[in-house]
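Accompanying notes for the structure given below.
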Amino acid sequence: MSAKGSFSSLLLHVHPHSVPEESSGLRFTWCLGGLALWFFLVETITGLLLLLRYVPTLSAAYLSIQDIAHIAPYGFFIRNIHYWAGQAMVVVVVLHMIRVFVTHSFRSPREFNWIIGMLLLVFTVLVDFTGYILVWDDRSFWAWTIARNLAETIPIAGSIFAGLFFGPSDAGDFNLIRIYVWHVVLLPGLMAGLMAWHFWRVRKDGISRPL
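Counting from 1, position 68 in the sequence shown corresponds to residue 67 in numbering that gives the first Met the number 0; the numbering is continuous, with no gaps.
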């Protein structure tokens, strides 16, 4: 294929997918999925900046948060953006899933994309919760303790899940580092991959109802 042909194919691929006129009007539920992606990008950028000062150990985690909030240049501003973007992302994803359910947009051929969306909802809540734990103040400790105990009550695989996600029952640096890895690497990585797949399926299957 010539260079001109390759460039034309690339333009056709990145060109916005055609959207029916009746689906393009401005509504309260307009582009909630795209808004969730935008919040995810904000979370990624601000999270990378917070990584420069955060220390994932029991003795230093809370102190490093205080350092970010009160000493680091623009730290208070960046941390608040990170926090509120995370809360907004949870709300937007929940509203998006409600809209998809109410409009029956999860039906064939979009049922698999509905499953991906449900996974993204679960991961969004988990990444928000793990961020709450990383503060490691009294409330974070008890949130970690209660969540781990609840996880152990899951039938069959509860103890395995609790160990993999939360670590040993006795709180230590290893536990916080495990939560840190889930929050910073594993969950965002899974979410990025599923989001790419999710948006590709939306483009491939088309839009069933107004945005």
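Don't be surprised by glycine CBs; every beta carbon is placed ideally from N, CA and C. Predicted model, so just to flag it, every value in this text is computed and none were measured.
Among the options, the one whose alpha carbon lies nearest that of residue i
i, options, result
"Trp143", "Gly33, Ile178, Phe111", "Ile178"
"Trp181", "Arg147, Ala146, Phe128", "Phe128"
"Ala60", "Ile145, Asp136, Phe164", "Asp136"
"Val134", "Gly33, Val41, Pro55, Leu31", "Pro55"
"Thr43", "Ile115, Trp199, Asp204, Gly188", "Gly188"
Span separating the alpha-carbon of residue i from that of residue j
i, j, result
"Thr152", "Asp169", "17 angstroms"
"Phe39", "Ile67", "21 angstroms"
"Trp196", "His95", "17 angstroms"
"Trp83", "Ile64", "16 angstroms"
"Phe105", "Leu149", "30 angstroms"
Secondary structure of residue i, DSSP reduced to three states
i, result
"Ser139", "helix"
"Gly85", "helix"
"Phe39", "helix"
"Phe173", "helix"
"Val99", "helix"
"Thr56", "coil"
"Ala71", "coil"
Residue environment, residue i, which counts as buried when at least 16 other CB atoms sit within 10 Å
i, result
"Asn174", "buried"
"Thr102", "exposed"
"Tyr73", "exposed"
"Leu186", "buried"
"Ala35", "buried"
"Leu31", "buried"
Supposed contact pair residue j and residue i - C-beta distance, whole angstroms, cut 8 angstroms
i, j, result
"Leu48", "Ile70", "At roughly 14 angstroms, the Cβ-Cβ gap does not stay under 8 angstroms, so Leu48 and Ile70 are not in contact."
"Phe165", "Arg147", "4 angstroms"
"Val99", "Val124", "That belief does not hold up - the Cβ atoms of Val99 and Val124 are roughly 17 angstroms apart, past 8 angstroms."
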